[in-house]
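S.K.: Per this note's numbering, numbering of the sequence shown is gapless, rising by one per residue and ending at 236.
Heads up, the beta-carbon is just placed ideally off N, CA and C, and yes, glycines get one too.
Handing you a structure now.
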Amino acid sequence: MARVLVVEDDPFVRSALIRQLTDAAHLVRSVGTALEALREVVHFRFDVVVLDLGLPDLDGSEALKMLRGITDVPVIIATARDDEAEIVRLLNAGADDYLIKPFSVEHLSARMAAVLRRSRSLTGEPAQPPVLRVGGLTVDPLRRQAELDGARLDLTRREFDLLAFLAGRPGVVVPRRELLAEVWQQSYGDDQTIDVHLSWLRRKLGETAARPRYLHTLRGVGVKLEPPATGLPPATGPLAAEPPR
């Protein structure tokens, strides 16, 4: 399991990679431009970056140079350019591996595993899966298990994906559009889908929209997950129906 940044401007390829890598138990963030990729690696820690060369704002080779100027995270080039001289140039410029499109997610996962083994052997970093902790909430993406104050949560697949995505960004307001793209792999959709899953998830966390502890909705902006305020008691007894937003 790895924390992966997918840099791909094609929405169909991007959605497929997000879905398949997530199904393989990886934590995935994705962007469609080189400048967004640079911002991501500055603010988040990744184990590997999958970098497309045909980006709308910068050529991938230029993006690789800029990435290498700020991080040593392993980079796997994803390209449709079957040119040996170009591939050699990119490897010499700092790429750790490359794949020629089209490729399967199994092939990509194998290349990622090989790159990560090499990287960890050089740095001495142990291969430990990141367990996410926010207050009394623990989320283990590798085992797809979540606990609240030591008690196992019985979550559906989508509820777990939503919780894990938010737990990986504690205190950050995530726009609904980003939730649709990253959790549901949809470029557009009905906000009611998110509201329904948030409502179910709140009930399992022992809270309501009127009395939030972990999940907070900012009307017209997005959703954030953060530890409960100190001294705030957990909700007890039957949960009241949530008020309309």
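Rounding to the nearest angstrom, what Cα-Cα distance links G211 and L144 in this structure?
M.R.: Cα to Cα, the separation comes out at about 29 Å.
S.K.: DSSP on D43, reduced to helix/strand/coil?
M.R.: Here D43 sits in strand by DSSP.
S.K.: Among the residues of its own chain, which have a CB less than 6 Å from the CB of L157, if the five just before and after it don't count?
M.R.: L216.
S.K.: Quick one: complete alpha helix (DSSP H) runs, 4+ long, within the segment 135 to 161?
M.R.: Complete alpha helix (DSSP H) runs here, min 4: 148 to 158.
S.K.: Reducing DSSP to helix, strand and coil, say where V19 ends up.
M.R.: Note: V19 maps to strand in three-state DSSP.
S.K.: Go ahead and pull the three-state DSSP assignment for R202.
M.R.: In this structure, R202 counts as coil in the three-state DSSP scheme.
S.K.: Considering just the uninterrupted stretch of the beta strand (DSSP E) at R(-6), what are its terminal residues?
M.R.: It spans R(-6) to V(-2) - the beta strand (DSSP E) in which R(-6) sits, taken as one unbroken run.
S.K.: Following the continuous beta strand (DSSP E) through R124, name the residue where it begins and the one where it ends.
M.R.: Unbroken beta strand (DSSP E) run through R124: L123 to V125.
S.K.: Just checking my contact of V122 with L154 at CB under 8 Å: how many whole Å lie between their CB atoms?
M.R.: Between L154 and V122 the Cβ distance is about 13 Å, and since that is not below 8 Å, they are no contact.
S.K.: Only counting the same chain, and skipping five residues up and downstream in sequence, which positions put a Cβ closer than 6 Å to that of A25?
M.R.: The answer, listed in chain order, is L46, D48, L49 and A54.
S.K.: How would you call R250, buried or exposed, if buried means at least 16 neighbouring beta carbons within 10 angstroms?
M.R.: Residue numbering for the chain in the displayed model covers -8 to 236; residue 250 lies beyond these limits and cannot be assessed.
S.K.: Determine the extent of the alpha helix (DSSP H) in which T184 is found, giving its start and end residues.
M.R.: Unbroken alpha helix (DSSP H) run through T184: D182 to L196.
S.K.: Measuring CA to CA, which of G126, E150, D152 and R148 is closest to D140?
M.R.: Ranking G126, E150, D152 and R148 by Cα distance to D140 puts G126 first.
S.K.: What's the C-alpha gap between R(-6) and V19?
M.R.: Rounded to the nearest angstrom, the two C-alpha atoms are 6 Å apart.
S.K.: Quick check: what's the CA-CA separation for L223 versus M(-8)?
M.R.: Only weak support is given to the placement of L223: the predicted model assigns it a pLDDT of 48, under 50, and the question is left unresolved by the model.
S.K.: The alpha helix (DSSP H) spanning G85 covers which residue range?
M.R.: That residue, G85, is in no alpha helix (DSSP H); it is neither H nor E in DSSP.
S.K.: Would you check if there are 3 or more beta carbon pairs closer than 8 Å linking the segment 90 to 97 to the segment 160 to 168?
M.R.: No, the segment 90 to 97 does not touch the segment 160 to 168.
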